[in-house]
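Presented below is the structure to which this report refers.
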Amino acid sequence: MSPVTDNLKGFSVTFRHLFRKPVTQQFPEYKRPVYPRFRGRHRLHRHENGLEKCVGCSLCAAACPADCIRVVAAENTPEERYSPGERYARIYEINMSRCIFCGYCELACPFDAITLGHDYELAEMSRDALVYTKQMLLEPGPEARRTPVAPVDPYDIPAQEDGPA
Amino acid sequence: MATVETDTVTLSINDREVTVPKGMSLVEAAAEAGIEVPVFCYEPRLGAAVGACRMCLVEIEGIPKLQTACTTPVTDGMVVHSHSDRAREGQDAVLEFLLINHPLDCPICDKGGECPLQDLTFRYGPGSTRMTLPKRTHTKPVPISPLIKLDRERCILCYRCTRFSEDVSGDLQLVTEHRGANSIITTFEGRPYDGEFSGNVTELCPVGALTSISYRFRGRPWEIQNIPTVCGECPIGCNTYATIREGQVARVLSRNNPAVDDGWLCDRGRYTFPSLESEQRITTPLIRGGRGLEPVDGSTALDHIADRLRAAVERFGPGSVAIIASGDQTSEEAHLWARIQEQALGGGPIVCGPEGGAGWGELAAHSATIADLDDADLIVVAGATDLVHRAPILELRIRRAVDRGARVVTIGAGATRLDTLHAAEHVSAAPGTTHAALLAASQGVALKGLSDRSVILWNGRMSAPVATVLAHVAHASGCRVLPTPLAANELGCQAAGLGTHTPAEALEAVEQGRVKAVVLLGADPVGGWPGGDRWRGLMERAFFALQVSPFQTGSSGWATTIVPSPMPLEKEGTMTNIEGRVQRLRAAVPPPPGVLDGIVLAAELGRRLGLDMPDQPPAVFADMAGSRAAFAGLTWAGIGERGVRPEPASGSGQAPPAPHVAEGEPEGTIVVGYRQLMSGPTVEGAPALHFQRRSGIEISHDDAQQIGVATGDRVEVSFAGASLTGAALVQRRLRRGVVRLATAVPYVGPGELRAAPEETADA
Amino acid sequence: MTTDLRILLDFDGDRRDIGDYERAGGYRQLTKALAGAPEDVIAAVDGSGIRGRGGAGFPTGRKASFLPKDRKPAYLCVNADESEPGTFKDREIMLRNPHALIEGVITMSFGIGATSAFIYIRGEYRAEFEVLMTALQQARERGFVGADVLGSGYDATVVLHRGAGAYICGEETALLSSLEGERGQPRSKPPFPAVAGLYAAPTLVNNVETLASVPYILEMGGAAYAEIGTERSKGTRVFSLSGNVKRPGNYELPLTATLRELIEGHGGGMPDGRTMKAIIPGGSSAPILMPDQIDTHIDFESIAAAGSMAGSGAIIVIDDRTCMVQLALRVSEFYKHESCGKCTPCREGTRWGVDIIRRIEMGEARQGELDLLLNVCDRILGNCLCPLGDAMAMPVASYVTHFRDEFQRHIDEGGCPFTEHSPISGLYHEPAAVS
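Protein chains in written order, with numbering that gives the first Met the number 0: chain A, 0 to 164; chain B, 0 to 762; chain C, 0 to 434.
Here is the structure:
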C-alpha cells in the first residue's frame with residue numbers, strides 16, 4: 000500500500016460521514032436513559048409511616064472509601080421522633096465532590112436506608128454546595144416529624160419506677 | 000511482689016510448650032503462650048474467676064468434659080487444646096446460647112464496633128441462627144442513674160458489674176434479681192446508682208447493656224481518636240484516654256496503669272469533661288476599666304500585665320508581688336511562673352494551694368508508692384474524713400489489699416467507709432489531733448506490727464507538726480508514708496519552685512504591707528480558702544490583682560485583670576502525682592478560641608519582662624530538668640505512657656527530732672468542714688454529676704440524743720462566724736462532739752451545734 | 000438373698016420422741032464415739048464403704064478424709080434440701096427418725112472436728128422442720144447437742160436453716176452460698192468445699208440419709224455394714240417409688256435388689272390393664288430405662304451400666320398412657336424454672352429446649368427440630384457450671400432417643416396423639432397468649 004492510497008481511503012471515510020445524520024444527543028434537552036443499576040445521587044429513605052430508615056449507625060461512613068460521609072447521631076425523644084428505635088442521624092452529609100459512587104454505603108447499610116439513585120446532574124457553582132445535607136438527601140415524607148409509634152413511652156423512665164413487678 | 004516464684008509448671012497449649020508459675024489460670028497461661036482464649040466474665044481485677052459465662056471452654060486431655068480455662072489452674076504436663084473441634088464446638092455453643100436473647104440492634108448500640116460480643120461472635124460463633132423462639136424483652140433503656148443507662152435486653156448476664164459493685168467498690172448497689180432466664184441486673188431497690196466509682200461498670204460491660212449517658216450516640220470507633228492523657232482532677236493522676244470526635248471530648252476512659260489506677264477511674268475523672276464547654280468559662284482576657292471588666296485581645300492583656308508587674312516592682316521594690324497558685328497547673332507552667340517570680344519580680348512569696356504544703360520535704364525519704372498498698376500487711380489511714388474525697392481511687396486499692404489479708408487501722412473521727420471493712424480497726428481521734436493519736440497509737444498496742452511492709456496514708460492537711468510525727472513514726476518502724484496532697488499537681492508545682500510560703504506566711508507578709516500586687520493562678524482564695532476575708536482585703540488593697548483561671552470564681556470580683564487559662568484536657572505538660580510519679584498530660588482538644596495556652600502565656604509574659612523563656616513543653620521540661628533538683632535527670636521522651644517516678648531523695652538516716660505534740664483533747668464541739676470529691680468548678684460544669692454530692696450534717700449518736708434530733712431533722716451549725724442549717728445525718732460510729740459536713744472552704748475547729756426550728760414553709 | 004433388710008426405717012410408726020429413740024438404742028454410738036478418737040469415726044465410715052445418698056454417690060469416708068485436719072474452723076453442712084422431683088426419702092427419715100440424723104450429725108462433726116453443723120432444710124418442709132426443731136430441743140436438754148457434749152469437752156453447735164424454695168440450693172456449693180446469705184448460685188470447683196467451703200473454711204456437705212446411717216454403721220461396725228450390698232455399693236438405701244404403680248412409697252432395700260423386686264414386689268406392679276412404658280431410676284434428672292431393663296440391679300454401678308444413674312433413689316414408673324413429649328416438657332420446664340441464671344448454657348439452653356418441646360407438643364414444630372433439640376441438649380451437656388443443665392439435657396435426650404417415633408408423630412400429625420388421656424396432661428404450663 001502506498002501512502003497515497005492510505006490517505007485516500009481515510010478521507011473517503013470522512014467524506015462518507017459528512018452526509019450522515021449526527022448522533023449527538025442534545026443534553027439537557029435530551030436525557031439518555033440509564034441502566035437500572037446505575038449509581039447516581041444518593042437518597043435516604045423513609046418507612047411507610049414516615050419515619051426515617053436511617054438510624055445514624057455510621058456504617059456507611061465506615062465503608063466509604065472516599066471518606067465523604069459524615070454522620071452525627073442523636074437520641075430520639077418522645078416529642079421529637081425521627082426514626083424507629085433510640086437513635087437517629089441528626090446530621091447526615093455526603094460530600095459529592097469526593098464521592099466516587101461506588102455504592103459501598105448502600106451495601107453497608109443494615110436498614111436499606113440509603114440507595115444510589117439515577118440522578119447524575121450534580122454540577123454546582125461552588126464546592127460548598129456539593130456537600131449534600133440530610134434535608135437534601137432524604138426523600139420527602141408525609142410529615143417531617145412523627146409522633147411516637149409506641150403506645151407507652153418507654154424512654155426516660157425514672158430509675159425508681161423500675162422496681163420489681 | 001515479695002513472693003519468689005520457686006515453682007513453675009510446664010504445659011502444652013495448642014502444641015505450644017509454655018512454662019508458667021504454679022497456680023496460674025489456664026487463660027493467663029495461654030496468654031503467656033500468645034494464644035487467645037475467648038472470655039466474657041473473666042476479669043482478674045474483679046477477684047477470683049467465677050466461670051459463669053462458659054465462653055473459655057477448652058479441651059484438656061484426660062478430662063472428659065470441656066473445662067473453663069479461667070477457673071482451671073495449670074498443672075504440670077497438662078495438654079490443652081483451645082482450638083480443637085470439641086473446644087470450638089463448646090465455644091460456638093456458648094455464643095449461640097448468648098445470642099438467643101441478645102437483640103440485633105448493633106447499628107443502634109453504642110458498643111457497636113468495640114464490642115467483645117461482636118468480636119467473639121465473628122471469630123468463634125455461629126454464622127447463622129437456628130432459633131425460632133421470641134427473644135426476651137425488657138423496657139429499654141432504663142437510666143440507673145443520671146450517668147448510666149441500662150439496656151437489659153442486651154445484657155448477657157456475665158455478672159461483671161455486680162461483681163464490681165460487690166467486690167471492688169463495695170457499694171453493693173448493683174444486684175441481680177429473679178433467676179434463670181428471667182434474671183435481670185438492677186440497682187438495690189431501684190435506687191439510683193450513686194457510688195463514686197459507678198462509671199467503671201460501663202467499661203467493664205462486655206456488651207452495650209451499661210452505657211454512659213454522656214457518650215450515647217456520640218461516635219463510633221472509626222470516627223474517634225483516643226488520646227492517652229492523665230486525669231487532672233486529683234493528685235492520684237489516674238491514666239486516661241480522652242476520646243475525641245470532631246474536636247470535642249466525647250468521653251473519658253480509664254487507661255490501665257497498674258502502678259497508679261489499676262484501670263479504675265472515679266466518676267469525677269470520668270464525667271467532668273462537659274465542663275470544658277461550661278458557660279462559666281472565661282474565654283477572653285478582661286481588664287477592669289471605667290465600665291467594669293472589658294474584653295481585650297491577648298497581646299494587649301499581656302502588655303498590660305507586664306507593664307503593671309514591672310510598675311509594682313519599680314514602685315514597691317522587689318518581692319512585692321505574691322503568686323497564689325491552686326496547685327492544678329502543670330509543672331511546666333509552674334516552673335515558668337516560678338522563674339518569673341524569682342528572676343523578674345524579685346522573689347515575692349508563692350503559695351501553692353490552700354494547705355500550702357509545709358513539711359513534704361521531711362517525708363521524701365519515707366514516701367510510699369501506690370503499689371506498696373498491694374503488698375502491705377498493715378495500712379493505716381489517718382484523717383477525719385472519708386479518703387474518697389482526697390484520693391478516691393486509693394479506696395479500691397485498700398479494699399483489695401484487705402481482701403488479700405491486709406489489716407486496716409483507721410485513725411480519726413470515725414464513720415468513714417473504710418471503717419466498715421471487715422478487717423478494719425478504729426482508733427478514735429479528735430479532728431486536729433489525729434497526728435497526736437497516730438503517734439500515741441504507734442507507741443501503743445493499736446499499731447503493733449507496724450513494719451517496713453506497712454503504709455500510713457495521711458488523709459488530711461499536711462503541716463510541719465504532722466510531717467514531724469509521720470517522719471518520726473516512719474523512722475522508728477520502717478513503714479512508708481503516703482500523704483495526700485489536696486491539689487492535682489501540688490507536689491509537681493512545689494518541685495518546680497511554685498510554692499515557697501504557706502498561706503499563713505503569705506498572709507502575714509501581706510498584712511505587714513510587703514505585698515502590693517497579687518497573681519492568682521487558678522486559685523480562688525476569696526471564695527474557697529480559709530481566711531477568705533483576709534485574702535479579700537489583700538485583693539481590695541492591691542495595686543494590681545491578676546487572675547489566671549479557666550472559670551469565674553469568687554475571687555474574680557476583686558481582680559483587676561483576668562486572663563483565661565486552659566483546662567487539663569487542653570494542656571501539654573507533666574504532672575507529679577501523690578507518689579511522685581511524673582506523668583504526661585496531652586492536649587486532647589485545643590483550648591477555646593481566645594484562651595492562650597498556659598505555657599505560652601507565662602513564656603510571653605516572661606519575655607515582656609526581659610526573660611528568655613522557652614514556650615514549647617519539651618523545651619520547658621528540659622529547662623526545668625536543668626534547674627530544679629526534683630526533675631534532674633528526667634527527659635521529656637523518657638516519661639513514656641506510664642510516667643516515671645524518680646527515686647526520692649534518701650534521707651540522712653538520722654533519727655528525726657522527737658515530735659512534741661500538745662497534750663489534751665479539745666473541748667466542746669469540733670466542726671470538720673471538708674471539700675467533697677464532687678465539688679469545685681469542674682463538677683459545677685457537669686450537672687449530671689450533681690446527684691452524687693453528699694449532703695447532710697453528720698453528727699454523732701450521742702450529740703443527736705443530747706439535742707434531741709434524728710436523721711433528717713434540721714440542725715444548725717455555727718462556726719468561723721457563720722452558721723449553716725441542714726438535715727442531720729446521725730452516724731453511730733462518729734466520734735462524740737464531732738460535726739462533719741461538706742463545705743466550700745475547708746475548716747477544722749470549734750463550733751456550735753443546735754437543733755434548728757422547724758421550717759414553716761418550704762422555701 | 001434377703002430383700003427386706005431394713006436399717007434406717009426398721010420400725011413402724013415413728014421415733015420422734017427422744018425417749019423412743021434412746022430405748023431403741025439411740026445416742027449410744029455418740030457416747031461411745033466421744034469416748035474414742037475422732038479418727039475412729041471416720042475410719043468406721045470409711046470402712047463401711049457407704050456412698051453419698053444425695054445423688055452423686057461419692058464415698059462418704061473418702062470425702063471426709065479430704066478435709067485438712069489442721070485448719071479451724073471447719074463445718075459440717077447437712078443437705079436436707081431434698082428437691083429432686085420424685086424424691087421424698089429424706090423427709091420420711093426426718094419425720095420418723097429425726098434423732099438418727101441428729102446423732103449422725105454430732106458424731107460426724109466430732110469425727111471431722113467441725114466447730115458447727117448446719118442443717119439446710121428445704122423451705123417447703125414445714126412439718127419436717129418443726130419435728131427437727133423439737134428433736135433438737137430434746138437433744139439439747141439431754142446434753143447431746145450444745146457446749147461440752149456429755150462432758151467430753153466437745154462443743155456441738157447445730158443450726159437449722161430453712162431454704163427459700165430454690166432447687167439449686169440442693170447443689171452443695173449453692174447451698175453454701177445460700178447459707179452465707181448470698182444468692183443461691185453454685186460456685187466453680189475447684190476449690191472444693193472440703194478446702195474452701197462455708198465462709199471459705201473446710202466444709203463437709205452430706206445428705207440426710209448418709210448422716211442418719213452413721214449411728215447404725217457405728218453400731219454394726221464398718222465391716223459388718225460393708226457386707227450388705229454389692230462390691231462397690233454398700234448398705235441399704237431408701238427408695239422413693241412413685242408414678243404409675245399400685246403402692247407408691249418409700250422402701251428401704253439393700254443395694255442387691257433389682258428394680259423388679261422394688262416395682263413388682265414392693266410397689267405391687269402396674270395398675271390393672273396397663274403396661275410399663277419406661278422407668279426413671281434416679282430422680283427426674285436421670286435418663287430413662289426401658290421395660291426390658293427391669294431386672295437391672297439397683298446399685299450405683301448396675302444402673303450406670305444400664306445407661307442411667309442411681310441419682311437420688313427416686314424411681315418413677317411410667318405406663319403406656321403417658322405422652323413422652325408431655326413428660327419431657329414437664330421435666331424440662333422444671334429445670335428451666337429452677338435454673339439459677341449464673342452460667343450461660345443452662346440459663347439460655349433450658350429456655351430454648353422448653354420452647355422446642357412445647358412446639359412439638361403443640362404441633363407447631365417443623366421437621367428437623369427433633370435433631371435441633373438433641374443438638375441443644377448436647378450443647379448444654381457437660382458445658383455448665385453445675386449439674387443442673389445436665390439434669391435437663393440428659394433425660395430429654397434419653398426420651399427422644401428411646402421414643403423418637405412418638406416425638407416424630409407429634410410433628411407429623413401436628414399435635415399430641417395422647418392429649419388429655421395422658422396422666423400428666425396439663426401439668427406443664429400452657430403457653431402464654433401471644434399478643
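A virtual CB, placed ideally from N, CA and C, is assigned to each residue, including glycine.
Residue i - DSSP class collapsed to helix/strand/coil
| i | result |
| --- | --- |
| C:Arg236 | strand |
| B:Arg256 | Correcting the residue identity first, residue 256 of chain B is Asn in this sequence and not Arg. In this structure, B:Asn256 counts as coil in the three-state DSSP scheme. |
| C:Ala431 | Because the pLDDT of C:Ala431 is 48, which lies under 50, any placement of that residue in the model is unreliable, and the number read from its coordinates should be weighed accordingly. Of the three classes helix, strand and coil, the one that applies to C:Ala431 here is coil, per DSSP. |
| C:His420 | helix |
| B:Gly411 | strand |
| C:Tyr198 | helix |
| C:Ser47 | helix |
| A:Ala143 | Low local confidence applies: a pLDDT of 47 at A:Ala143 is under 50, so the model's placement there is unreliable, with the coordinate-based value given in what follows. Looking at A:Ala143 - three-state DSSP - the assignment turns out to be coil, as it is neither helix nor strand. |
Residue i beta carbon near the ligand MG (any heavy atom closer than 7 Å)
| i | result |
| --- | --- |
| C:Glu171 | The ligand MG is not among the ligands present in this structure, which contains no ligands whatsoever. |
Distance between residue j and residue i (C-alpha atoms, nearest Å)
| i | j | result |
| --- | --- | --- |
| A:Phe110 | A:Cys53 | 7 Å |
| B:Val465 | B:Leu568 | 34 Å |
| A:Ala143 | A:Ile90 | At A:Ala143 the pLDDT is 47, less than 50, meaning the model places this residue with poor confidence; the figure from the coordinates comes in the next sentence. Using only the alpha carbons, I get a separation of about 15 Å. |
| B:Arg535 | B:Pro524 | 8 Å |
| C:Gly12 | C:Tyr20 | 12 Å |
| C:Glu170 | B:Gly126 | 35 Å |
| B:Leu264 | B:Val426 | 30 Å |
| C:Pro201 | C:Ala73 | 5 Å |
| C:Cys385 | C:His296 | 28 Å |
| B:Gly231 | B:Thr573 | 10 Å |
| B:Ala305 | B:Gln493 | 24 Å |
| B:Thr552 | B:Gly526 | 7 Å |
| B:Glu489 | B:Gln546 | 19 Å |
Residues within the region 126-138 of chain B neighbouring chain C, beta-carbon criterion of under 9 Å: Arg129, Met130, Thr131, Leu132, Pro133 and Arg135
message: Please identify, using Cβ separations under 9 Å, the residues of the region 50-72 of chain B that lie next to chain C, in order along the chain.
response: Gly50, Ala51, Cys52, Arg53, Met54, Leu56, Pro63, Lys64, Leu65, Thr67, Cys69, Thr70, Thr71 and Pro72
- prompt: In the region 83-96 of chain A, which residues sit with their C-beta less than 7 Å from some C-beta in chain B, listed in chain order?
  reply: Gly84, Glu85 and Arg86
- prompt: Using 8 Å as the Cβ pair cut-off and three pairs as the minimum, do the region 269-281 of chain C and the region 307-318 of chain C touch?
  reply: yes
- request: Pull out every residue of the region 422-454 of chain B whose Cβ sits closer than 8 Å to any Cβ of chain C, in chain order.
  value: none
- prompt: Mind listing which residues of the region 47-58 of chain A have their C-beta closer than 9 Å to chain B's C-betas, in chain order?
  reply: Val54, Gly55, Cys56, Ser57 and Leu58
- prompt: What residues in the region 166-181 of chain C have a beta carbon less than 7 Å from any beta carbon of chain B?
  reply: none
- prompt: Taking Cβ-Cβ distances below 8 Å as the criterion, which residues of the region 166-199 of chain B are in contact with chain C?
  reply: Thr175, His177, Arg178, Gly179, Ala180, Asn181 and Ser182
query: Does the region 314-334 of chain B come close enough to the region 452-464 of chain B to have 3 or more Cβ pairs within less than 8 Å?
result: no
message: Please give the ranges of any alpha helix (DSSP H) in the region 360-388 of chain B, keeping only runs that are unbroken, at least 4 residues long and fully inside the region.
response: 371-374
query: Do the region 421-441 of chain B and the region 661-676 of chain B touch if we need at least three Cβ pairs shorter than 8 Å?
result: yes
query: Are the region 486-497 of chain B and the region 509-519 of chain B touching by the rule of at least three beta carbon pairs closer than 8 Å?
result: no
field: Whole runs of the beta strand (DSSP E) within the region 269-347 of chain C, excluding any shorter than 3 residues
entry: 275-279 and 313-318
task: For the region 308-369 of chain B, list the beta strand (DSSP E) runs that are entirely contained and at least 3 residues long, ordered along the chain.
output: 320-324 and 349-351
message: Check whether the region 352-365 of chain C and the region 323-331 of chain C touch, using three or more Cβ-Cβ pairs below 8 Å as the test.
response: yes
Entirely enclosed alpha helix (DSSP H) segments - the region 217-305 of chain B, minimum 4 residues: 266-270
- prompt: Is the region 167-177 of chain B close to the region 193-206 of chain B, with three or more CB pairs under 8 Å?
  reply: yes
task: Quick one: which residues of the region 677-705 of chain B get their C-beta closer than 7 Å to a C-beta of chain A? List them in chain order.
output: none
field: Inter-stretch contact (C-beta, 8 Å, three-pair minimum) for the region 149-158 of chain B and the region 101-114 of chain B
entry: yes
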